[in-house]
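Engineer: The following block contains the structure, expressed as structure tokens.
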Ligand SMILES: [Zn+2]
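Next up, the structure:
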């Protein structure tokens, strides 16, 4: 098999791994201090760990204040908040807690044709036993496949930009439809607070990038794919004042305890790795990213668990051994499933893996617009945004 450092040509500095977490020089902007601790875990400890180690009374007070605000905003409406669900543990647990706290959520799910059967049944079991309404947005598979193919042909790294962007668009759409101000997400500092390296993905509001690649792929118009750009984000976040909340940061959250309770009470079945609720996400993170882009996301997931005290570094290092699949048969099964679903041949996959990466910025993008808005916002505005985003 090809060596990926040859393909990407990224191996310009010697290999080094952090001695406190598992991050290494595959993150392009990693730097190490004199103790060989990296900027990823250092920044996480500096900016995020207070959320995890917050005193329980303090956390509870923040939570109670938030619940009161959500209830007041939802008064007289059919729901008081949106909870985006993927079938993964974080969003499933969010739904359980939201219900326990007496909120009236609408669960929103997006079906892009890649959900694993396990994820579908996890979501179905959960909303049924909790008595929660579920809205599922289905994207036409041929449209989604064409979009994905366009991204593959462009050799850009962030294929998941499609799912992530559409998911945000659908959540905002549903919030607008019912006049709801709060979108509660399973994002959290305890299991995913460490910042993703810049060279591992792309910014998620790049409508222009998506549309231009769609046109290149032959799609004149997006029919069922809901897309959102920088202006849409500004509209929802600052004009309509929709709050996107990392809900689990308001609660003591331990992923393993949550999994046990989900299994015991809601017939939940666990996945072997994080984000493995979608067959494509599993294949992308477990195969395409490491093979073509030399990116192994296990490093950041496990590092966050280590630094937040949920796993020892020794145990986490064991999690990096071998391929990111339970077995080579499982990997082979996904390769087979992927090429069949994408209508590729084995040769198409090999050719794709061998082609060098092309930056998203080589195509029309609204990154400069996004950066402009970021930079013109005053310091005060920025801290207000931070506050909005975090509560
Ligand atoms: Zn580190």
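Numbering (this note's numbering), first residue to last: 25 to 415.
Where is the CB? At the ideal position from N, CA and C, for every residue including glycine.
1. Taking residue 313 as the reference, which of 66, 262, 184 and 42 has the closest Cα?
2. Can you tell me whether residue 39 is buried or exposed, with buried defined as 16 or more other CB within 10 angstroms of its CB?
3. Figure out for me which residue from 377, 362 and 390 has the closest Cα to the Cα of residue 137.
4. Could you tell me if residue 124 is buried or exposed, where buried requires 16 or more neighbouring beta carbons within 10 angstroms of its beta carbon?
5. Given residue 9, which residues of its chain have a CB within under 6 Å of its CB, disregarding the five upstream and five downstream residues?
6. When DSSP labels each residue in this structure, what does residue 68 get in the three-state scheme?
7. Are the CB atoms of residue 285 and residue 143 nearer to each other than 7 Å?
8. Pull up the distance between the alpha-carbon of residue 155 and that of residue 345, whole angstroms please.
9. Please name the residue in 339, 364, 307 and 383 whose C-alpha comes closest to that of residue 350.
10. Using the Cα positions of residue 37 and residue 391, report the straight-line distance between them to the nearest angstrom.
11. Where does residue 199 land, buried or exposed, given buried means 16+ other C-beta within 10 angstroms?
12. Give the secondary structure of residue 118 by DSSP, where H, G and I count as helix, E and B as strand, and everything else as coil.
13. Quick one: what does DSSP say residue 161 is sitting in, helix, strand or coil?
14. How far does the beta strand (DSSP E) with residue 360 in it reach, from first residue to last?
15. Indicate the three-state DSSP secondary structure (helix, strand or coil) for residue 31 in the structure shown.
16. Name the DSSP bridge partner or partners of residue 134?
17. Is the region 174-182 touching the region 232-248, taking contact as three or more C-beta pairs under 8 Å?
18. Could you name the residues of the same chain whose beta carbon sits closer than 8 Å to that of residue 27, not counting the 5 residues immediately before and after it, in chain order?
19. From the DSSP secondary-structure annotation, give me the bridge partner or partners of residue 139.
20. Would you call the region 179-193 and the region 72-89 touching, i.e. three or more CB-CB distances under 8 Å?
21. Which stretch, first to last residue, makes up the beta strand (DSSP E) that contains residue 208?
22. Report yes or no: do three or more beta-carbon pairs, one from the region 259-274 and one from the region 203-223, lie closer than 8 Å?
23. Rounded to a whole number of angstroms, what is the C-alpha to C-alpha distance between residue 419 and residue 192?
24. Please confirm whether any heavy atom of ligand 1 lies closer than 6 Å to the CB of residue 335.
25. Whose CB is closer than 6 Å to a heavy atom of ligand 1? List the residues in chain order.
26. Enumerate in chain order the residues of its own chain whose CB-to-CB distance from residue 197 is below 7 Å, with the five nearest sequence positions on each side excluded.
27. Quick one: is residue 242 buried, meaning 16 or more other Cβ sit within 10 Å of its Cβ, or exposed?
28. For residue 56, collect the residues of the same chain with a Cβ closer than 6 Å to its Cβ; drop the 5 residues on either side in sequence, then sort them by chain order.
29. For the alpha helix (DSSP H) containing residue 394, name the first residue and the last one.
30. Can you tell me where the beta strand (DSSP E) with residue 270 in it begins and where it stops?
31. Figure out for me which residue from 97, 140 and 149 has the closest Cα to the Cα of residue 119.
32. Can you look up residue 334 in the DSSP assignment and give me helix, strand or coil?
33. Inspect the CB distances between the region 99-108 and the region 329-338 and report whether three or more fall short of 8 Å.
34. Report yes if the C-beta distance between residue 179 and residue 303 is below 7 Å; otherwise report no.
35. Excluding the 5 residues flanking residue 182 on each side, which residues of the same chain have their C-beta closer than 7 Å to its C-beta?
Structural biologist: Walking through what the data contain:
1. Here residue 313 refers to the residue found at position 289 when the chain shown is read from its first residue. Cα-wise, what sits closest to residue 313 is 184.
2. Start at 1 with the first residue of the chain shown, and residue 39 comes out as number 15. That one is exposed.
3. Here residue 137 refers to the residue found at position 113 of the chain shown. For residue 137, the nearest C-alpha among the options comes from 362.
4. Taking the first residue of the chain shown as 1, we reach residue 124 at position 100. It is exposed - the Cβ of residue 124 has fewer than 16 other Cβ atoms within 10 Å.
5. There is no way to answer for residue 9, as the model of the chain reaches only from 25 to 415.
6. Residue 68 sits at position 44 when you count from the first residue of the chain shown. Here DSSP, grouped into helix, strand and coil, assigns residue 68 to helix.
7. Working through the chain shown from its first residue, we reach residue 285 at position 261. Working through the chain shown from its first residue, we reach residue 143 at position 119. No, these two residues do not count as a Cβ contact at 7 Å.
8. Locating residue 155 in the chain shown gives position 131, counting from the first residue. Locating residue 345 in the chain shown gives position 321, counting from the first residue. The straight-line gap from Cα to Cα measures roughly 41 Å.
9. Mapped onto the chain shown, residue 350 falls at position 326. Comparing Cα positions, the closest option is 307.
10. For the purposes of this step, residue 37 is taken as residue 13 along the chain shown, with counting starting at 1. For the purposes of this step, residue 391 is taken as residue 367 along the chain shown, with counting starting at 1. So the two alpha carbons sit approximately 28 Å from each other.
11. On the chain shown, residue 199 is found 175 positions in, with the first residue counted as 1. Buried, by the Cβ-count rule.
12. For the purposes of this step, residue 118 is identified with residue 94 of the chain shown, where counting begins at 1. DSSP places residue 118 in helix when its eight states are reduced to three.
13. Mapped onto the chain shown, residue 161 falls at position 137. Here residue 161 sits in strand by DSSP.
14. Locating residue 360 in the chain shown gives position 336, counting from the first residue. Careful: residue 360 lies outside any beta strand (DSSP E), inside the alpha helix (DSSP H) at 352-366.
15. What you label residue 31 is simply residue 7 of the chain shown in a count that begins at 1. Any reading at residue 31 must be qualified, since the residue scores a pLDDT of 38, below 50, and its modelled position is unreliable; no value is offered.
16. Here residue 134 corresponds to residue number 110 of the chain shown, with the count starting at 1. DSSP output for residue 134 lists 161 as bridge partner(s).
17. With the cut-off at 8 Å, the region 174-182 and the region 232-248 touch.
18. Within the chain shown, the letter at position 3 stands for residue 27. Legend: pLDDT at residue 27 = 36, less than 50; position of this residue unreliable, no value from coordinates given.
19. Within the chain shown, numbered from 1, the residue matching residue 139 stands at position 115. For residue 139, which the question treats as bridged, DSSP gives the partners 302.
20. no
21. As a first step, residue 208 must be located in the chain shown, where it is residue number 184. Per DSSP, residue 208 belongs to the beta strand (DSSP E) from 206-209.
22. yes
23. Since the first residue shown for the chain is 25 and the last is 415, residue 419 is missing from the structure and cannot be characterised.
24. Position 311 of the chain shown, counted from the first residue, corresponds to residue 335. Because no heavy atom of ligand 1 lies under 6 Å away, the Cβ of residue 335 does not count as near it: no.
25. 42, 44, 45, 47, 61, 62, 64 and 65
26. Position 173 of the chain shown, counting from 1, holds the residue named residue 197. Around residue 197: 250.
27. Residue numbering aside, residue 242 sits at position 218 when the chain shown is read from its first letter. Residue 242 should be labelled exposed.
28. Here residue 56 refers to the residue found at position 32 when the chain shown is read from its first residue. The residues are 62.
29. One-based indexing of the chain shown puts residue 394 at position 370. Counting along the chain, the alpha helix (DSSP H) containing residue 394 begins and ends at 391-400.
30. For the purposes of this step, residue 270 is identified with residue 246 of the chain shown, where counting begins at 1. Residues 267-270.
31. Locating residue 119 in the chain shown gives position 95, where the first residue counts as 1. Minimum Cα distance to residue 119 is reached at 149.
32. Locating residue 334 in the chain shown gives position 310, counting from the first residue. It is coil, neither helix nor strand.
33. no
34. What you label residue 179 is simply residue 155 of the chain shown in a count that begins at 1. What you label residue 303 is simply residue 279 of the chain shown in a count that begins at 1. Going by C-beta atoms, residue 179 is not nearer than 7 Å to residue 303.
35. Looking up residue 182 in the chain shown gives position 158. Listed in chain order, the non-local C-beta contacts of residue 182 below 7 Å within the same chain comprise 225, 226 and 384, local neighbours out to five positions each way being set aside.
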